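Residue numbers (my numbering), protein chains in the order written: chain E, 1 to 139; chain P, 1001 to 1139; chain F, 2001 to 2139. From the three backbone atoms N, C-alpha and C, an ideal C-beta is built for every residue, glycine too. Because the structure is a prediction, the values reported are computed rather than measured.
Next up, the structure:
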């Protein structure tokens, strides 16, 4: 069994953003030399997500508005977590809605994807360096 | 390390439906000859889910109503994604709530499940052929 | 390829609770002797979650209030599932929001975690024995 590990670092200048990391995962897969297996991609921070969906700016706008509706940033004081001095409780909620990680099949040396699948890093509390992990195991 | 890959195709006549695919995954597992490992089952489309829950029609009715409450289909014009000519922005939201994929342990040649676990394909934008992927790795 | 399997059992005296199971998973990893691979941790029941987030009591209070807002327990009669004699339909919803499982990279014999990642069992319908599964594969 072969395994491969790589970290990606993000420094998003805004509080929230969606970044297409599919090319980074494809590069990691090539570097791994693995042709059959599973690829885990996860946020290493608990106020960020890795998820798979469409690379369409209108949809990303909709996701942002929808997440803000289901888990609003304001009023900051409505969250007990924010009494610790943080203002990011909403980011912990948004991350649960969008998920921590994806597991992708590796078949024939490629990400085994349907027609529109793309991997995104979802930042919900940016403006500082944060990381995602790529771990590939297989043969 | 052994690996096995199989696609399932669905052609749901309605916009939304939940389909129990546990027997299909069990057949794939038998065909794989793998007895210890991990089994990934994921939607290959970004307006569909694979998830694990109960095979109880009342619950599926509740899920459908609850998802429609949290991410309503109408008004279609409320989603920027739908300006692309689609009317399925809500399906992209519903899929995030229910998840893209499950990873199931394989132990002793079986899906290593608790008492009520069943695997479902959740369709949120049907009326055309769509696929799910089964990928099993192990020994 | 090596594999390892272990069940954890919980007997939560209240309906809902979050339990940090990171030490249990670390013990399982040590016992497995696996140093490179993937570790699946999943709830074996469909009214419970396994998820990764912060071990901060204020945040857990916020999660509980937020989940109750998005999928309220009462009125019990508003859910068709509860006509089966259950009163836990809301727990099936809460579990989908928080997720069934996590997959964690194993690198150098350790859970390959960011600075604040901790694994939790989320109980949404307690007061009876319930289980989570740890399955580790690798080398």
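Residue nearest to residue i in terms of C-alpha spacing, selected from the options
i: residue 1120(P); options: 1074(P), 1038(P), 1063(P); result: 1063(P)
i: residue 2109(F); options: 2011(F), 2023(F), 2030(F); result: 2030(F)
i: residue 28(E); options: 93(E), 43(E), 3(E), 117(E); result: 3(E)
i: residue 2068(F); options: 2095(F), 2046(F), 2042(F); result: 2095(F)
i: residue 2103(F); options: 2020(F), 2006(F), 2013(F), 2136(F); result: 2136(F)
i: residue 1101(P); options: 1034(P), 1134(P), 1085(P); result: 1134(P)
i: residue 50(E); options: 12(E), 105(E), 14(E), 18(E); result: 18(E)
i: residue 7(E); options: 2118(F), 2112(F), 2130(F); result: 2112(F)
i: residue 1127(P); options: 1013(P), 1001(P), 1005(P); result: 1013(P)
Under 8 Å by beta carbon: chain P residues contacting residue i
i: residue 2092(F); result: 1053, 1054, 1059, 1062, 1063
i: residue 2046(F); result: 1052, 1053, 1054, 1114, 1116, 1117
i: residue 2070(F); result: 1070
Amino acids of chain F, ordered along the chain, whose beta-carbon sits closer than 7 Å to that of residue i
i: residue 81(E); result: 2056, 2058, 2059, 2062
i: residue 103(E); result: 2103
Alpha carbon of residue i to alpha carbon of residue j, nearest angstrom
i: residue 59(E); j: residue 1090(P); result: 10 Å
i: residue 2026(F); j: residue 1066(P); result: 37 Å
i: residue 73(E); j: residue 132(E); result: 23 Å
i: residue 1123(P); j: residue 1087(P); result: 15 Å
i: residue 1056(P); j: residue 2081(F); result: 7 Å
i: residue 1009(P); j: residue 1015(P); result: 16 Å
i: residue 1116(P); j: residue 1097(P); result: 21 Å
i: residue 2038(F); j: residue 1077(P); result: 43 Å
is_contact[residue i, chain P] using C-beta, thresh 8 Å
i: residue 2135(F); result: yes
i: residue 2029(F); result: no
i: residue 2096(F); result: yes
i: residue 2111(F); result: no
i: residue 2005(F); result: yes
i: residue 2022(F); result: no
Helix, strand or coil at residue i [DSSP, three-state]
i: residue 2035(F); result: coil
i: residue 2053(F); result: strand
i: residue 1114(P); result: coil
i: residue 2080(F); result: helix
i: residue 68(E); result: helix
i: residue 9(E); result: strand
i: residue 2127(F); result: coil
i: residue 108(E); result: coil
Cβ of residue i within 8 Å of any chain F Cβ
i: residue 100(E); result: yes
Proximity test, Cβ basis, 8 Å: residue i and chain E
i: residue 2132(F); result: no
i: residue 2139(F); result: yes
i: residue 2033(F); result: no
Chain-ordered chain P contacts of residue i [CB-CB under 9 Å]
i: residue 2067(F); result: Result: empty, since nearest Cβ-Cβ is about 12 Å, beyond 9 Å.
Neighbour list for residue i in chain E, Cβ cutoff strictly below 7 Å
i: residue 1089(P); result: 59, 62
Chain-ordered chain F contacts of residue i [CB-CB under 9 Å]
i: residue 9(E); result: The contacting residues do not exist; residue 9(E) stays about 11 Å from chain F at best.
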